[in-house]
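Okay, so here's the structure we're looking at.
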Amino acid sequence: MRILIVDDSVDARTVAKARLSAEGHEIICAEGGQIGLDLAAKENPDLILLDVDMPGMSGFEVCRKLKSNDELHLIPVIFVSGSGDAGDKVIGLDLGAIDYVTKPFDAFELRARVRAALRTKRLQDILRDKALIDPLTELGNRRAFDERLRLEWSRAARYNLQLALIMADIDHFKDINDQYGHQIGDEVLRRISCRLSACLRECDAIYRYGGEEFGTLLPETSLSGAIELAQRLCAQISAEPLQIGNQTLKVSASFGAASNQDVNDPESLVGAADEQLYEAKGDGRNCVRPLINAPVQNQR
Ligand SMILES: [Mg+2]
C-alpha cells in the first residue's frame, strides 16, 4: 500500500522510510505541510504519517485541512511527534487521527501500528465500495452518482470546464417485467448496462441512477458532444434484439442530455437532463433529446 510521510526532518523521513519500505509499502515523502496536502490529493495514499512539529503549517493544521476536505478525509492519519504530552495526543486524536506515535519510535511498534491502521483502511475501502455499487449491474449506484456529480461539478467550476450529463431510461421496462418475469428483466438491465458501458470513453462514468434509469457523466464534453454520444448509445441498444435464454427481446431506450453551461447547480443539471428524457419519451421513445439541430445556448 502507499504511505505518505510528512515530516520537516530529513533524518526522521529517512528512518521512517527505511522502517516501512521493509514491509513492502510504497513510500512517498513530503518535507512540509502544504507539500504534504498537495501530494495527498495527487497520490491518494492509504495512510499518512504526519509530524506534529513543522515550521509554517503544523501537523495539527494539516490534519484539520485533510479532515475537512471531501476527497481526502478518509485517508487515515498517524501523528508522529517528539512530544509525548498527553494534551497533544488528545488534540491529535480528536482531530480525527487514527493513532499517535512518539519519537524516537521502536521500529517493530511503528510497523505494527501502521499494519493496524492499514487493516482498518482496507476494511473501510471494502465497505465503501460495497455501499457505492449496484449489485445487479455492478455499476456505481445512485449514491456513487451523487458523489461523482458533486466532484465533477466542482472540478468543472474550478477549471472552467464543460460537463455534460446523459440520462437514459429503458423503454416499456415494466412491460418486460410483466411479460417475461423479473429474472429476465434483471438480465435486460445487465445487458443494457454492458452495451452502454462499451460505448463510453474511459473518463466517462456511468451509473445505475434508479430502476431502469442510467446516468452518464461526461467530463469536458459539450452538449452537442453529449447528444452525439447519446445518439450512438441509442442506436447501439436497439441495433440488435437481446437473446436471453430462448427469448428474443427487442429493447430500446430514450435519452436526455444537458450541460453545465445552461444550469447553475448539479441538481439542476440532473433536472434538465431528466426533463429532456421525458421529452424523448413523449416523442415516441427510442430517441435523444434535445434535438441536435435545436439552437443550443452558450455553446463554446
Ligand atoms: Mg518536525
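In our numbering, the protein residues as written are 11 to 310. Backbone N, C-alpha and C define an ideal beta-carbon position, used for all residues, glycine too. Owing to the predicted nature of the structure, the values given are computational and were not obtained by experimental measurement.
C-alpha gap between residue i and residue j, whole angstroms
i	j	result
Leu173	Gly97	47 Å
Asp139	Glu81	15 Å
Ile136	Gly42	31 Å
Leu57	Ser248	47 Å
Ile38	Val90	16 Å
Ala126	Leu14	16 Å
Leu161	Asp61	29 Å
Ile254	His192	13 Å
Gly292	Ala268	17 Å
Arg123	Arg12	15 Å
Thr130	Arg23	24 Å
Ile237	Arg165	22 Å
Pro55	Val100	24 Å
Lys27	Tyr110	17 Å
Gly281	Leu175	10 Å
Tyr219	Ala154	9 Å
Glu71	Gly34	30 Å
Leu239	Phe224	14 Å
Phe115	Arg121	10 Å
Cys73	Asn170	29 Å
Asp104	Lys75	14 Å
Nearest to residue i (by Cα), restricted to the options the options
i	options	result
Ala204	Val72, Gly150, Leu287	Residue identity differs from the one stated: residue 204 is Cys in this sequence, not Ala. Closest by alpha carbon: Gly150.
Arg168	Glu277, Asp284, Asn270	Asn270
Ala117	Lys260, Arg29, Leu47	Arg29
Gln134	Leu84, Lys99, Ile180, Arg123	Leu84
Ala290	Pro300, Ser31, Gly281	Pro300
Leu159	Gln253, Tyr217, Asp63	Tyr217
Glu212	Ser93, Leu227, Val20	Leu227
Ser262	Pro251, Ala268, Leu142	Pro251
Gly94	Lys113, Ala245, Pro65, Asp196	Lys113
Val298	Asn187, Pro65, Glu230, Ser264	Ser264
Gln9	Asp48, Asp21, Lys260	Within the shown structure, residues of the chain are numbered from 11 to 310, placing residue 9 beyond reach of any answer.
Ala215	Gly221, Glu197, Leu206	Leu206
Ile327	Phe115, His182, Ile180, Leu128	Absent from the model: residue 327. The displayed extent of the chain is 11 to 310, so no value can be given.
Glu148	Arg201, Gly235, Gly106	Arg201
Gln246	Glu36, Cys209, Ile302, Leu59	Cys209
Under the three-state DSSP convention, the category residue i falls into
i	result
Gly106	coil
Ala32	coil
Leu82	coil
Ile45	helix
Val90	strand
Gly266	strand
Gln193	helix
Asp95	coil
Phe115	coil
Arg295	coil
Leu210	coil
Leu59	strand
Val306	At Val306, the pLDDT of 49 sits below 50, so the modelled position is not reliable and the matter cannot be decided from this model.
Thr147	coil
Unbroken beta strand (DSSP E) run spanning residue i, endpoints
i	result
Gln271	Careful: Gln271 lies outside any beta strand (DSSP E) and carries neither H nor E.
Val16	12-16
Arg218	215-220
Leu175	173-180
Glu223	223-229
Leu301	Taken as a continuous stretch (DSSP letters only), Leu301 belongs to no beta strand (DSSP E), as it is neither H nor E.
Delimiting residues of the alpha helix (DSSP H) encompassing residue i
i	result
Arg165	152-169
Gln241	233-249
Glu71	69-77
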